[in-house]
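K.L.:
Residue numbers (this note's numbering): 4 to 177.
What follows is a structure written as structure tokens; I'll ask about it next.
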Amino acid sequence: MLTNIICLDFEASALSEKSYPIEVGVCNAATTEVRSWLIKPTDKWQSEGEWVEKGVEVHNIPYADLMNKGLPVELVAKELTAYCRGKQIVSDAPNYDAFWLARLYAALGQPAPFQLFDFYDYAHKLAVWKGRRYDIAYTKAEQEAAITCPYKHRAGADARNRAEILRQIAGISA
4 MLTNIICLDF EASALSEKSY PIEVGVCNAA TTEVRSWLIK PTDKWQSEGE WVEKGVEVHN
64 IPYADLMNKG LPVELVAKEL TAYCRGKQIV SDAPNYDAFW LARLYAALGQ PAPFQLFDFY
124 DYAHKLAVWK GRRYDIAYTK AEQEAAITCP YKHRAGADAR NRAEILRQIA GISA
């Protein structure tokens, strides 16, 4: 049921066509293992991309942290690929996250090695499979997840929050 599900989330430099990924996080829905990576901007992203300073108020990732603590795109992509291999990857914002996923791998001249599926579609199918009304199950699961692992606009924490929602719908507690 959840053994093959990974929740993924990105934080980005902006919400525009010139934005680039600054953090990616994943959480294994079965084990709740979280991995996240700060991403050091490539030279191209620095020269041609868009950084919105006001975004720091949302994600709390200063540009200096990316430059000093961020990992190279090659390393992030390698580890992300390995973590997600053979799994179904779900995102609560698949259009945005697919854009940043593609941008991450494009920096290496590669296509993204996996596809993102819609988190809400999966949550709905899970609720139906468990014989629950989706709207009620989701609302209760979201409330429980907000207590045990709040949504923080940080990639790892937000992926964990989504995994906990799925766990609650499945009847698995934190």
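Even for Gly, the Cβ is constructed at its ideal location relative to N, Cα and C.
Quick check on P116: does DSSP put it in helix, strand or coil?
P.N.:
P116 falls in the coil class under three-state DSSP.
K.L.:
Along the chain, where does the beta strand (DSSP E) that runs through D12 open and close?
P.N.:
Per DSSP, D12 belongs to the beta strand (DSSP E) from 8–15.
K.L.:
Under 7 angstroms between the Cβ atoms of A140 and A149?
P.N.:
No, these two residues do not count as a Cβ contact at 7 angstroms.
K.L.:
Ignoring anything shorter than 3 residues, give me the beta strand (DSSP E) runs that lie fully in the region 52–118, in order along the chain.
P.N.:
DSSP runs (the beta strand (DSSP E)) wholly in the region 52–118: 91–94.
K.L.:
Among the residues of its own chain, which have a CB less than 6 angstroms from the CB of C152, if the five just before and after it don't count?
P.N.:
Hits under 6 angstroms: R163, N164, E167.
K.L.:
Could you pull the DSSP bridge partners for N31 from this structure?
P.N.:
Its beta-bridge partners are I9.
K.L.:
Within a Cβ cutoff of 8 angstroms, which residues of the same chain sit near D68, ignoring the five residues on either side of it in sequence?
P.N.:
Closer than 8 angstroms at the Cβ level, and outside the excluded window around D68, lie L41.
K.L.:
Among L111, R88, L119, Y86, which has the Cα closest to the Cα of Q102?
P.N.:
Before going on, a small fix: residue 102 reads as Phe here, not Gln. If we check each option's Cα against that of F102, L119 comes out closest.
K.L.:
Assign K72 to buried or exposed, taking buried as 16 or more other Cβ atoms, counted over all protein chains shown, within 10 Å of its Cβ.
P.N.:
By the neighbour-count rule (16 or more Cβ atoms within 10 Å), K72 is not buried but exposed.
K.L.:
Using a Cβ-Cβ cutoff of less than 8 angstroms, which residues in the same chain neighbour C87 once the five nearest sequence positions on both sides are dropped?
P.N.:
Counting only Cβ-Cβ distances below 8 angstroms, and skipping sequence neighbours, we find I9, L11, V29, P116, F117.
K.L.:
Excluding the 5 residues preceding and the 5 following L74 in the sequence, name in chain order all residues of the same chain whose CB lies nearer than 8 angstroms to its CB.
P.N.:
Around L74: W40, L41, I42, K43.
K.L.:
By how many angstroms is the C-alpha of E82 removed from the C-alpha of L111?
P.N.:
Distance between the alpha carbons of L111 and E82: 14 angstroms.
K.L.:
If we call anything under 7 angstroms between Cβ atoms a contact, is A158 one with E14?
P.N.:
Yes, the Cβ-Cβ distance between A158 and E14 is below 7 angstroms.
K.L.:
Under the DSSP definition of a beta bridge, which residues are partnered with W40?
P.N.:
Answer by DSSP bridge pairing, in chain order: V27.
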